[in-house]
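J.: Handing you a structure now.
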Amino acid sequence: MGLFSGRSRGALAAKAISLIRNNPGKVMNGIVKAGDFANKRTHGKYSHQITGVQSKAAKAIDSVARKNGPGGTSSIDPTYRPK
1 MGLFSGRSRG
11 ALAAKAISLI
21 RNNPGKVMNG
31 IVKAGDFANK
41 RTHGKYSHQI
51 TGVQSKAAKA
61 IDSVARKNGP
71 GGTSSIDPTY
81 RPK
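Note that full-length UniProt numbering has the sequence shown beginning at 1, numbered continuously upward.
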């Protein structure tokens, strides 16, 4: 039995969605930090691909967070960069 097999996969997905809905800013901050770390470790060689993944992840977070907000709006900026 693997880590993501059976019922645990659904529970893991539900937990991830719950985390994104409750803390979209923190999740986005983590994605930005992970991308910056990967970019630093690869010395910018894959910066275009990393930026693309960060952008797609931001859009996915925004769509999940919108389902939770009043009026279907979210305050996540896909171009957000922490200081």
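C-beta: ideal position from N, C-alpha, C; glycine also. The structure presented is a predicted model; accordingly, all values stated were derived computationally and were not measured.
Restricting to Cα atoms, I'd like to know which of T42, G44 and G35 is closest to A58.
T.: Looking at the Cα atoms, G35 is the closest of the given residues.
J.: Measuring alpha carbon to alpha carbon, tell me which of S18, V32, N22 and S63 ends up nearest I50.
T.: Relative to the Cα of I50, the nearest Cα in the group S18, V32, N22 and S63 belongs to V32.
J.: How many Å lie between F37 and A14 at the Cα?
T.: 27 Å
J.: Here's a check: name, in chain order, each residue in its chain whose Cβ is nearer than 7 Å to the Cβ of V64, leaving out the five neighbours to either side.
T.: I17, I20 and R21
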